[in-house]
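What follows is one structure encoded as structure tokens, with my remarks underneath.
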Amino acid sequence: MADSRRCYAALLNGLARRNYFGEKELSNGVLKEQIYPKLSDEEFEHLVTKCTALIKSMVAVDMDFNQLEAFLTSQIKKADSGMNEERANAVRKFWKNQRNKIHDVQVQQTQWNSCLKQMSWRIDLKSQARHIEQIDKPTAIVELMVSSNSQTTDDESKKAKVFHFEMDDKKLDQVLSNLHEIKEQISNHSQQ
Numbered sequence: 001m002a003d004s005r006r007c008y009a010a011l012l013n014g015l016a017r018r019n020y021f022g023e024k025e026l027s028n029g030v031l032k033e034q035i036y037p038k039l040s041d042e043e044f045e046h047l048v049t050k051c052t053a054l055i056k057s058m059v060a061v062d063m064d065f066n067q068l069e070a071f072l073t074s075q076i077k078k079a080d081s082g083m084n085e086e087r088a089n090a091v092r093k094f095w096k097n098q099r100n101k102i103h104d105v106q107v108q109q110t111q112w113n114s115c116l117k118q119m120s121w122r123i124d125l126k127s128q129a130r131h132i133e134q135i136d137k138p139t140a141i142v143e144l145m146v147s148s149n150s151q152t153t154d155d156e157s158k159k160a161k162v163f164h165f166e167m168d169d170k171k172l173d174q175v176l177s178n179l180h181e182i183k184e185q186i187s188n189h190s191q192q
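The sequence shown begins at 1 in full-length UniProt numbering and counts up by one.
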């Protein structure tokens with residue numbers, strides 16, 4: 001049967017690869033030829049429309065598996081949805097394998113600014129300077145790795161830039177306090 005679970009899963013994966021992972025060469029013609037060669041063009045276009053809407057619905061709310069089950073149950077009960085248990089199983093497997101990947105791509109596409117990839121620091125003890133013989137003051141040497149997240153494909157723009165700088169103990173305390181506040185805010189928002 002042309003509409004087997006395997007073919008339906010292949011169509012879902014093909015649409016995800018085209019719509020979310022940038023594989024534009026996977027046109028409807030290519031997908032039809034490789035997955036559903038016996039369907040008419042009209043039937044295939046209708047199936048692609050249904051599958052695209054299905055994937056968009058799941059992606060829009062980043063459905064967890066409980067939400068997915070409720071969604072698929074409602075789709076199976078709808079007479080005009082074309083969803084049956086065999087297709088629902090294909091959707092479950094597809095979503096299990098692709099959910100995090102699609103989510104990561106969506107997040108990446110919505111970031112316009114540079115982002116902090118890594119932060120490391122260490123404490124050094126300054127022992128002398130050009131004009132002062134003995135200082136004995138602690139300083140923090142900080143290294144930030146920032147990557148550009150521009151939407152271009154230029155490899156140069158995707159490379160991470162590394163920034164080095166020093167801070168005295170007062171400035172370090174202030175930065176650590178700010179980082180602690182950021183951590184608390186993230187924890188508060190992620191628990192809601």
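Every residue gets a Cβ at the ideal spot worked out from N, C-alpha and C, and that includes glycine.
Counting C-beta neighbours from all protein chains within 10 Å, is the total for Cys51 16 or more, i.e. buried, or is it exposed? Within 10 angstroms of the beta-carbon of Cys51 lie 16 or more other beta-carbons, which makes it buried.
From what residue to what residue does the alpha helix (DSSP H) around Phe71 run? Membership of Phe71 in the alpha helix (DSSP H) is indicated by the continuous run 65–77.
What residue range does the alpha helix (DSSP H) around Arg122 cover? Taken as a continuous stretch (DSSP letters only), Arg122 belongs to no alpha helix (DSSP H), being part of the beta strand (DSSP E) at 115–126.
Taking C-beta to C-beta, are Ser147 and Ala160 nearer than 8 angstroms? Against a cut-off of 8 angstroms, the Cβ pair of Ala160 and Ser147 comes out as a contact.
Using 8 angstroms for Cβ pairs, my map puts Lys164 next to Ile141. What's the rounded Cβ distance? Looking at the sequence itself, residue 164 is His, so the reference to Lys does not match. Their Cβ separation, rounded to whole angstroms, is 7 angstroms, which keeps His164 and Ile141 in contact under 8 angstroms.
Pull the bridge partners of Thr139 from the DSSP assignment, please. For Thr139, which the question treats as bridged, DSSP gives the partners Asp124, Asp168.
With distances taken from CA atoms, which of Ile186, Leu179, Cys7, Gln185 is nearest Ala90? Residue Cys7 is the option with its Cα nearest to Ala90.
Would you kindly work out how many angstroms separate the C-alpha atoms of Glu85 and Gln111, rounded to a whole number? Those two C-alpha atoms are separated by around 37 angstroms.
Compare the C-alpha of Arg122 against each of Cys115, Glu166, Lys101, Ala79 and name the closest. Cα-wise, what sits closest to Arg122 is Glu166.
Within a Cβ cutoff of 7 angstroms, which residues of the same chain sit near Ser114, ignoring the five residues on either side of it in sequence? Excluding residues within five positions, the ones whose Cβ falls inside 7 angstroms are Val146, Ser147, Ser148, Asn149.
Figure out for me which residue from Asn13, Ala53, Lys101 has the closest Cα to the Cα of Gln34. The shortest C-alpha separation from Gln34 is found at Asn13.
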